[in-house]
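One structure is given here, and the rest of the page talks about it.
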Amino acid sequence: MANFSERRIRWILGAVGFGSFALLLSLEILPDIGNLTIFDIASDALALSLTISAAVGVALLAQRMQLQHEEKLELIRSLEVARSEGEGWRKKVQSHLNGLRLEISRQFQEWGMTEAEHEIGLLILKGLSHKEIASLRNTTEATVRQQAQSIYARSRLPGKSAFSAYFLEDLITPDVTTG
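Using this note's numbering, read the sequence shown as starting at 21 and increasing by one per residue.
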């Protein structure tokens with residue numbers, strides 16, 4: 021709908037601009053019709069067309085800015101709704117998340133992970149890369165990679181995907197109902 025309205029406004033502004041050009045050129049030329057050369061008429065026409073083009077351009081720019089402002093406000097409203105819904109979801113599942121955190125920590129302890137491995141394991145489960153983890157922990161990527169390998173060895177899992185799947189696979193299973 022906004023696209024149709026924008027197109028309509030462009031046509032209206034074009035028509036107003038053309039009408040203004042014709043009217044102003046007539047008012048400029050008619051009083052001195054006998055004393056003007058073709059160069060004078062062309063010069064006046066060019067000056068008027070530049071002035072009117074600038075005015076139409078400013079009007080189009082103002083209209084575009086208004087549309088962008090309205091879109092920005094709509095995006096902000098949508099973001100506020102999404103944040104509110106997300107906060108509601110987090111409150112609703114907080115006890116489940118706390119239980120999951122506790123069980124993950126218990127499993128890490130059972131595997132004999134160090135404090136650093138525990139922290140890195142949680143960051144891996146959050147989906148961070150080794151580089152991002154290294155940046156967060158102020159260490160090198162090689163150190164994080166080495167600690168991640170130690171985590172996989174302690175857990176007897178072959179790598180990052182299997183490690184994440186160990187904790188997350190049952191959370192994201194499809195609800196299969198038989199009829």
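Note that CB positions come from ideal geometry on N, CA and C, so glycine has one too.
- The C-beta distance from Ile171 to Ile140 rounds to 7 Å, short enough to fall under 8 Å.
- Per DSSP, Thr57 lies in no alpha helix (DSSP H) and is assigned neither H nor E.
- The continuous stretches of alpha helix (DSSP H) do not include Ile192, and DSSP gives it neither H nor E.
- Counted as a single uninterrupted DSSP element, the stretch harbouring Thr134 is not any alpha helix (DSSP H), since DSSP gives it neither H nor E.
- Counting only the Cα atoms, Gly77 lies some 32 Å from Leu99.
- Between Gln166 and Glu137 a beta carbon distance of about 10 Å is seen, past the 8 Å cut, so the two are scored as non-contacting.
- Ser184 carries a helical assignment under DSSP once its states are collapsed to helix, strand and coil.
- For Arg176, the closest C-alpha among the options Ser40, Leu56, Ser115, Phe128 is that of Phe128.
- In the DSSP assignment, Lys146 falls outside any alpha helix (DSSP H) and carries neither an H nor an E.
- The three-state secondary structure of Asn118, taken from DSSP, is helix.
- In this structure, Phe187 is the residue among Phe187, Arg110, Gln114 with its C-alpha nearest to the C-alpha of Arg126.
- In this structure the stretch 78-93 touches the stretch 27-35; the number of beta carbon pairs closer than 8 Å is three or more.
- By the neighbour-count criterion, in which a residue is buried when 16 or more other Cβ atoms sit within 10 angstroms of its Cβ, His116 is exposed.
- Within the same chain, and ignoring the five residues on either side of Ile144 in sequence, the residues whose Cβ sits closer than 8 Å to its Cβ are Ile153, Ala168, Ile171, Lys180, Phe183, Ser184.
- Contact annotation, Ser63 with Phe41: C-beta distance approximately 14 Å; criterion of less than 8 Å not satisfied.
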